[in-house]
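Residue numbers (our numbering): 905 to 1321. A virtual CB, placed ideally from N, CA and C, is assigned to each residue, including glycine.
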């Protein structure tokens, strides 16, 4: 049989179906689905799935495939011409090639930033030691400056969020809701129970209840990352509890401690909203600074830990055990209840770790600020100062423990993208 000429119909089909190099996997954290097609003619078609680069004659559409590190290349070519009648009406070949996408290499700068961020517990311990033994180095932080730095901490959290994150919250009401319930129902009741059981003095009991009514802190996001939990869920839960603090914290302190403690929206809500808007409408600017915002958060948290400790250093040296035990019990119980409540709700291991850390780690710096602003007795601020260190060290230690254990191979994901 003679070979088809260069201009014959069979040569056209041969050229289209000639094998080509496999489609290379781009360096992306998420997969990319690529669909390619040629218009069909005359009702007869020949299709073939190819892992090939796309020729200029093809029209290509690309759509992101979430939660995947694989590249899926598909090509469908509908080709017909004056084909011999002996050929089938439609010949179909289909093949899918899945290539593992190699993880993007971190630059040296990004590796340094990640290392400094994961050393968060070390910086907290260092700040605590400085606060106790060299308080003059950190007590220069006035209440007004403390407020500004707390606002910057909220801003750095907002810069990691987009409008899509809040839509995800609506798609995951049960997952986020359990965390919110643990934050604003279980934790405050724990604070009240511990204060009553240990028969704390009125100022210390008020301070313990106050800190138990505070929203989740940004440090929980770092601890969740270390523990191999769900960081996206952690950030979203922290944001929701922070926004909810404007109503929940004053309400709970009035019910449980007998005094209304308002939360300034300019400190909590406004910086978070500005961060979200900046990320949404100025993405290029945000992308330049987003890699260092976790490190900035860690450094600000360390300073906001050291300053309260420095301001109550004398009280800690004389009444340390009496002050540390109730606060440590509060956080330990919150970590445990948050985890087992999640398992009771049949959440996976990753989600359960996230809820546990979120429940156990408060924005104690906000509690310290509220105590300074709304109470004349300085002892009210002491539980918050102790809590800053206790929750940071306890959360970090738990995160490192979980990181060494790892996640089950069949761990399920309860947080829909």
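Is residue 1353 helix, strand or coil when you go by DSSP?
-> Residue 1353 lies beyond the range of the chain shown here (905 to 1321); nothing can be said about it.
Nearest neighbour of residue 1040, chosen from 1086, 1215, 1147, 1173 [CA to CA] | Measuring from the Cα of residue 1040, the nearest candidate turns out to be 1215.
DSSP state of residue 1122, grouped into three classes?
-> Coil, per DSSP.
Beta-bridge partners of residue 1266, as assigned by DSSP = According to DSSP, residue 1266 bridges with 1120.
Can residue 1173 and residue 1200 be called in contact, C-beta distance under 8 Å?
-> No, they are not a contact pair.
Who are the near neighbours of residue 1051 in its chain, counting only those whose CB is closer than 7 Å to its CB and skipping five residues on each side?
-> Residues 1171, 1273 of the same chain have their beta carbon placed closer than 7 Å to that of residue 1051, with the five preceding and five following residues left out of the count.
Quick one: grab the DSSP three-state call for residue 980.
-> Summary for residue 980: the model assigns pLDDT 40, below 50, so the residue's position carries little reliability; its value from the coordinates is reported in the next sentence. Residue state, collapsed to three classes: strand.
For residue 1139, three-class secondary structure by DSSP = In the structure shown, residue 1139 sits in a helix (DSSP, three-state: H, G or I).
How big is the Cα-Cα spacing for residue 1236 and residue 1186?
-> Here the alpha carbons of residue 1186 and residue 1236 stand approximately 40 Å from one another.
Put residue 1044 into one of helix, strand or coil per three-state DSSP.
-> Looking at residue 1044 - three-state DSSP - the assignment turns out to be coil, as it is neither helix nor strand.
Can you tell me which of 1048, 1010, 1139 puts its alpha carbon nearest to the alpha carbon of residue 1060?
-> Here the closest residue by C-alpha is 1139.
Counting only runs that start and end within the stretch 1030–1075, where is the alpha helix (DSSP H) found for 4 or more residues in a row?
-> Taking only runs of at least 4 residues, the alpha helix (DSSP H) segments lying wholly in the stretch 1030–1075 are 1047–1062, 1067–1075.
Buried or exposed for residue 1064, please, with buried defined as at least 16 other CB atoms from any protein chain shown within 10 angstroms of its CB.
-> Per the 10 Å Cβ criterion, buried.
Using the rule of at least 16 other Cβ atoms within 10 Å of the residue's Cβ for burial, across every protein chain shown, is residue 1221 buried or exposed?
-> It counts as exposed.
CA-to-CA distance, residue 1110 to residue 1099, given in whole angstroms = Using only the alpha carbons, I get a separation of about 8 Å.
Give the range of the alpha helix (DSSP H) segment to which residue 1087 is assigned.
-> Per DSSP, residue 1087 belongs to no alpha helix (DSSP H) and is neither H nor E.
How is the alpha helix (DSSP H) around residue 1241 delimited, first residue to last?
-> Per DSSP, residue 1241 belongs to the alpha helix (DSSP H) from 1217–1248.
Say whether the stretch 1021–1035 touches the stretch 1291–1298, bearing in mind that this needs 3 or more beta-carbon pairs closer than 8 Å, one atom from each stretch.
-> Because the criterion of three Cβ pairs below 8 Å is met, the stretch 1021–1035 and the stretch 1291–1298 touch.
Look at residue 1270 and residue 1056 and say whether their C-beta atoms are less than 8 Å apart.
-> Not closer than 8 Å, so no.
Taking only the alpha-carbon atoms, compute the straight-line gap between residue 1019 and residue 1163 and give it to the nearest angstrom.
-> When rounded, the distance between both Cα atoms is 43 Å.
Three or more C-beta pairs closer than 8 Å, one from the stretch 1274–1288 and one from the stretch 1112–1132: is that the case here?
-> Three or more Cβ pairs closer than 8 Å define a contact, and the stretch 1274–1288 meets that threshold against the stretch 1112–1132.
Residue 1280 (DSSP reduced to helix, strand or coil) = Three-state DSSP puts residue 1280 in coil, outside helix and strand.
Could you give the distance in angstroms between the alpha-carbon of residue 1278 and the alpha-carbon of residue 1165?
-> Going by the C-alpha atoms only, they are around 7 Å apart.
Roughly how many angstroms separate the alpha carbons of residue 1309 and residue 1131, rounded to a whole number?
-> Between residue 1309 and residue 1131, the C-alpha separation is close to 9 Å.
If you compare alpha carbons, which of 1248, 1250, 1275 is closest to residue 1212?
-> Nearest to residue 1212 by alpha-carbon distance, out of 1248, 1250, 1275, is 1275.
Apart from the five residues just before and just after residue 1198, which ones in its own chain have a Cβ nearer than 6 Å to its Cβ?
-> Hits under 6 Å: 1021.
Enumerate in chain order the residues of its own chain whose CB-to-CB distance from residue 1251 is below 6 Å, with the five nearest sequence positions on each side excluded.
-> Non-local C-beta neighbours of residue 1251 in its own chain, meaning closer than 6 Å and more than five positions away in sequence, comprise 1318, ordered along the chain.
If you draw a straight line from the C-alpha of residue 1077 to the C-alpha of residue 1083, how long is it?
-> Roughly 10 Å separates the two Cα atoms.
Give every residue of the same chain whose Cβ lies closer than 8 Å to the Cβ of residue 1090, excluding the five residues on either side of it in the sequence, and list them in chain order.
-> In chain order, 1238, 1241, 1242, 1245, 1263 place their CB closer than 8 Å to the CB of residue 1090, counting only its own chain and leaving out the 5 sequence neighbours on each side.
Three-state class that DSSP yields for residue 1098 in the structure shown | Residue state, collapsed to three classes: helix.
Can you name the start and end residues of the alpha helix (DSSP H) that residue 1019 belongs to?
-> Element bounds for residue 1019: 1012–1022.
Can you say whether residue 1129 is buried or exposed, counting buried as having 16 or more other CB atoms within 10 angstroms of its CB?
-> By the 10 Å Cβ count, residue 1129 comes out buried.
Spatially closest choice to residue 1268 from 1120, 1182, 1070, by CA coordinates = Each of 1120, 1182, 1070 was checked against the Cα of residue 1268, and the nearest Cα belongs to 1120.
Around the Cβ of residue 1024, are there at least 16 other Cβ atoms within 10 angstroms (buried) or fewer (exposed)?
-> Buried, since its Cβ has 16 or more Cβ neighbours within 10 Å.
Looking at the unbroken alpha helix (DSSP H) that takes in residue 1009, where does it start and where does it end?
-> No alpha helix (DSSP H) holds residue 1009; DSSP gives it neither H nor E.
Does the beta-carbon distance from residue 1196 to residue 1026 come in below 8 Å?
-> Contact: no.
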